[in-house]
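Asker: Have a look at the structure that comes next, please.
Chains as they are written, first to last, in the working numbering: chain A, 478 to 922; chain B, 3 to 298.
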C-alpha cells in the first residue's frame, strides 16, 4: 500500500503556524456561529413565537437537524469502530475523519432538540422528574452516554499521534500545546505492553460503541415510532433510521475525504482505491435504503386510514411536499444508483458529488419525516389559524441551522490543526491483521 | 285612443314600480339595512346563600335564526308601584349573557303583596332594535331541616314568602324538588308539595353515597316559578354511606409513575454493561501511564 512509508513529519507544516487564509476561514465560520447564537438569544428573549413552530407543527427544522446530525454521528461511530475491530487496513487513513464526524455532529446535533423546548429553563426537571418509560428519557441517557464514549474513542485514537508529536523536538508550536501533547500522550513510548493495553482499550471502546450507537439511534427513531401519528407509528422505523444514518454518514465521509484530498493534497492517503471501495459500499447502502423506503411507503399506503391518505396526498403533491419528496428520491436513490452503478460515470469527483447529493437528500428526508406528519394530525385542532397549521422555518431556525453546519466545519478545521487528519500511527500498522482471540476446538481432521 | 291611454297608464305604472324598487335598492346600497329585532330572556334566582341572581340573555336576528349579541349594555331595574330603582347596567358577554348578582341584604322595592317587578332593557343601536323583558317576583325563603322518626330519616322543608313588614307567610301547594349534590350536578331524590303550613317532608333514601364520613348536601329547589323564579336552599347532614375516595396505588405500568420492573432492569443492565466497559478501557489506559513510569 502506498501509505506504508507515512511519516508524521509530512503533516508538521499543517500543524504549525496557521496561514492568513486559515485565520480568514476560521473568522468567517465564527461569524456564522455567532449569528446563530444571536438568533438563539432572540429566541430566548421573544420565545418560540419567532420560530415557525406552532400548535400543530410543534417540531420543525430543529428536529430535522437533530435527527440528521445524530444520524451522521452514529454512522461515523459505526464505520470507525467496525473498521477498527475488523482491522480493515485500507480504511485506516480515513478513520480519524469518521471519528471527527461522530464527535462534531454529536456536539452540534444534540442541542437542536433543546431549541424545541418552550421552557428551556426547566431542562433540569428532565433529570429530576424524568420517567424511565419515556422515549425522551431513553434518548437523553443514550445520547449523553454515546457522547462520552465517542469523545473517549476519539482521544484513544489520538494517543499515539500525540506521542509522536511530543517526540518531535523542532515542532514549532506554542509551549502549552507541547505540554498538552505530553500530558495527553500518557507517556506512550511504543513499549509492547503499552501497545497491547492501548489496543485492548481501543477494541473495548469500539466493541461497546457499536451497540451503543445502534441502540441510541433506534431509540431516537422510537421517539417517532411510539407516537400514534400518521406516518410515524411504524415498526420499520428503528432499522430504517439506522440504515439512513449509516448511509448519510458514509456519504459525508466521502465528501470530507474528497475535500481533504483536494485541499490538503492527500491523494496518497485518500486514494482512488478507497473511493472505489467506498463507492461500492455506497451503492449497497443505496439499495438497502431504497428497499427500506419502499417498504415503509408501501405498507403505509396499503393500510390507508383517512389521516394517512391525507399525509400521502401531501407528500406527493407538488404544491405541498411533492417537490421535496422528488428531491429526496432523486438525490438519495435514483442518481446514486445511476452514477455509481454505471462504470462510465464512476469517478472520484462524481462519487463525491453524488455523496453530497445523498447528504442533501437525506436531510430533506428527515424534514419530510417531521413536518408533514405534524401538519396532519388524526384529530385536527379546531378553530385554529390557517398560518398556524402549516410550518415554514423562520430566520431564527435557518440561522441556527447554518450556524450548526459552520460549527461542525469549525471543529474539523481546528481538530485538523491539532493532530494530523490521517491517523499516522494507525496507518503505520498496515501490516497488522485481525487476530482472532477465541480458541476453536478442532474436531476430526 | 283608448288603447293609447291604457298604454300610457301602464307605462306610468311600470315607471312608478321601477322608481320604488330603485329607491329601495338605493337605501340598501347606502347601508340603511333593516335593523335586527332583539329579544331578552330574563331569569331570576335566589341562591342558597341569599344572593339574588338576575340573568338576561340577549339574542337578535331577522328570521328564525337568532344569535347572541355580545358587548352591549343591559339595564336592570326593580320597581313596585311608583318606586323604580336602577340596579345596574351590565354588558353582555360573548354568549349574549348579562348577569347581575345582588347581595342577600339588599331590599327591593315591593308592593303590598311583597312583589317586585324586575326589568331588563336594551336600548338598541344602529344594528339592533330595542327590547325589554320583565318578571314579577316575590321573596321566597326556604328552611331545610333533618329529623329522624322511628329510624326513618326525613328532610323537612318549610317555604315562606317574606312580606315588606318582615312577616313570613307560609306558601302552600308549592312543588319542591329535593336532590343531593354530586360532582357535576344535583341528583334528584324526590318531589314534595307543601301543606297549608308551608311545610313538606321527604324520606331520605339509605343508599346515597356520601364523603368519607357520609356527609351529603341536600338541596331543596323550585325552578323558574311564576311567582318566585328559581329558589334554592341547602343543608348538610351525615346520612350518606361513607365512601373513601383515597386513590389506590396504581400498578407499575408504562403510563404510571413507576415503570415496569423489566424495563428498569433492562436499562440498568444495558447501562451497567456499557459503563463497565468504558471504565475497563480507562483502566487499561491507566496501565499505559504506569508502564511509562516504570519505563522512566
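Here a beta-carbon is modelled for each residue, glycine too, at the ideal position from N, C-alpha and C.
So does the stretch 613 to 631 of chain A actually touch the stretch 551 to 559 of chain A, counting three or more Cβ pairs closer than 8 angstroms?
Answerer: Result yes; three or more Cβ-Cβ pairs closer than 8 angstroms.
Asker: For the candidate residues A:591, A:707, A:637, whose alpha-carbon lies nearest to that of residue 903 (chain A)?
Answerer: Residue 903 (chain A) has its Cα closest to that of A:637, out of A:591, A:707, A:637.
Asker: Is the CB-CB distance between residue 219 (chain B) and residue 238 (chain B) below 7 angstroms?
Answerer: Yes, they are a contact pair.
Asker: If we cut at 7 angstroms on Cβ distances, does residue 271 (chain B) have a partner in chain A?
Answerer: Answer no: the Cβ-Cβ gap between residue 271 (chain B) and chain A never drops below 7 angstroms.
Asker: Between the alpha carbons of residue 502 (chain A) and residue 883 (chain A), how many angstroms are there, rounded?
Answerer: For residue 502 (chain A) and residue 883 (chain A), the distance between alpha carbons rounds to 11 angstroms.
Asker: For residue 496 (chain A), which three-state DSSP category applies?
Answerer: Here residue 496 (chain A) sits in coil by DSSP.
Asker: Quick check on DSSP: helix, strand or coil for residue 54 (chain B)?
Answerer: Strand.
Asker: With a 10 Å radius around its C-beta and 16 neighbouring C-beta atoms as the bar for buried, classify residue 141 (chain B) as buried or exposed.
Answerer: Residue 141 (chain B) should be labelled buried.
Asker: Quick one: grab the DSSP three-state call for residue 672 (chain A).
Answerer: Here residue 672 (chain A) sits in helix by DSSP.
Asker: Can you give, in chain order, each stretch of the alpha helix (DSSP H) that sits fully within the stretch 822 to 898 of chain A and has at least 4 residues?
Answerer: Taking only runs of at least 4 residues, the alpha helix (DSSP H) segments lying wholly in the stretch 822 to 898 of chain A are 825 to 851, 863 to 866, 872 to 895.
Asker: What residues from chain A crowd round residue 279 (chain B), counting only those whose CB sits closer than 8 angstroms?
Answerer: Correct list: 681, 682, 684, 685.
Asker: Restricting to Cα atoms, I'd like to know which of B:256, B:273, B:100, B:217 is closest to residue 242 (chain B).
Answerer: Closest option to residue 242 (chain B), Cα to Cα, is B:217.
Asker: What three-state label does DSSP hand residue 730 (chain A) in the structure shown?
Answerer: Reduced to three states, the DSSP call for residue 730 (chain A) is helix.
Asker: Between residue 212 (chain B) and residue 253 (chain B), how many whole angstroms is the CB-CB distance? I'm expecting something under 8 angstroms.
Answerer: Contact flag wrong, Cβ pair sits at about 29 angstroms.
Asker: In the DSSP assignment, the beta strand (DSSP E) including residue 75 (chain B) goes from what residue to what residue?
Answerer: 75 to 82 is the span of the beta strand (DSSP E), which, as asked, contains residue 75 (chain B).
Asker: Mind pulling the chain B residues with CB within less than 8 angstroms of residue 539 (chain A)?
Answerer: By Cβ distance, chain B contributes nothing, its closest Cβ being about 27 angstroms from residue 539 (chain A), past 8 angstroms.
Asker: Using the Cβ count rule (16 or more neighbours within 10 Å means buried), how would you classify residue 167 (chain B)?
Answerer: By the 10 Å Cβ count, residue 167 (chain B) comes out exposed.
Asker: Is there contact here, the stretch 554 to 563 of chain A with the stretch 684 to 704 of chain A, by at least three beta-carbon pairs under 8 angstroms?
Answerer: The stretch 554 to 563 of chain A vs the stretch 684 to 704 of chain A: in contact.
Asker: Strictly below 8 angstroms CB to CB, what residues from chain B border residue 516 (chain A)?
Answerer: Going along chain B, no residue has its Cβ under 8 angstroms from residue 516 (chain A), so there is no contact; the nearest lies around 36 angstroms.
Asker: Using only the alpha-carbon positions, how far apart do residue 184 (chain B) and residue 165 (chain B) sit?
Answerer: Near 34 angstroms, if we compare the C-alpha coordinates of residue 165 (chain B) and residue 184 (chain B).
Asker: Should residue 766 (chain A) be flagged as near chain B, meaning a C-beta pair shorter than 7 angstroms?
Answerer: No, no contact with chain B.
Asker: Can you pull the chain B neighbours of residue 629 (chain A), defined as C-beta to C-beta under 8 angstroms?
Answerer: Near residue 629 (chain A) (Cβ distances below 8 angstroms), the residues of chain B are 280, 283, 284.
Asker: Residue 124 (chain B) by DSSP, collapsed to three states: which one?
Answerer: Residue state, collapsed to three classes: strand.
Asker: In the DSSP assignment, what are the bridge partners of residue 785 (chain A)?
Answerer: In DSSP, residue 785 (chain A) forms no bridge with anything.
Asker: Name the one or two DSSP bridge partners that residue 92 (chain B) has.
Answerer: Beta-bridge pairing links residue 92 (chain B) to B:76.
Asker: Three-state secondary structure (DSSP) at residue 737 (chain A)?
Answerer: Note: residue 737 (chain A) maps to helix in three-state DSSP.
Asker: On the criterion of 16 or more Cβ atoms from any shown chain inside 10 Å, does residue 877 (chain A) qualify as buried, or is it exposed?
Answerer: Residue 877 (chain A) should be labelled buried.
Asker: Nearest by alpha-carbon distance to residue 570 (chain A): which of A:484, A:665, A:854 is it?
Answerer: If we check each option's Cα against that of residue 570 (chain A), A:484 comes out closest.
Asker: Quick one: using the 10 Å Cβ neighbour count with 16 as the cut-off for buried, is residue 240 (chain B) buried or exposed?
Answerer: It is exposed - the Cβ of residue 240 (chain B) has fewer than 16 other Cβ atoms within 10 Å.
Asker: Could one say the Cβ of residue 689 (chain A) lies closer than 7 angstroms to chain B's Cβ atoms, at least one of them?
Answerer: Judged by the 7 angstroms Cβ criterion, residue 689 (chain A) is in contact with chain B.
Asker: According to the neighbour-count rule (16 or more other Cβ atoms, all chains shown, within 10 Å of its Cβ), is residue 627 (chain A) buried or exposed?
Answerer: Its Cβ being crowded by 16 or more others within 10 Å, residue 627 (chain A) is buried.
Asker: Please return the same chain residues whose Cβ sits closer than 6 angstroms to the Cβ of residue 129 (chain B), not counting the five positions on each side in sequence.
Answerer: Taken in chain order, the list of residues that qualify is empty.
Asker: Report the three-state DSSP secondary structure of residue 138 (chain B) (helix, strand or coil).
Answerer: Of the three classes helix, strand and coil, the one that applies to residue 138 (chain B) here is strand, per DSSP.
Asker: By DSSP's criteria, residue 60 (chain B) is part of a beta bridge. Which residues make up the other side?
Answerer: For residue 60 (chain B), which the question treats as bridged, DSSP gives the partners B:42.
Asker: When every heavy atom of the ligand MN is checked, does at least one fall within less than 6 angstroms of the C-beta of residue 830 (chain A)?
Answerer: Judged by which ligands are present, the structure shown has none, so any question about the ligand MN falls away.
Asker: Based on the DSSP secondary-structure assignment, which residues constitute the bridge partners of residue 171 (chain B)?
Answerer: Beta-bridge pairing links residue 171 (chain B) to B:163.
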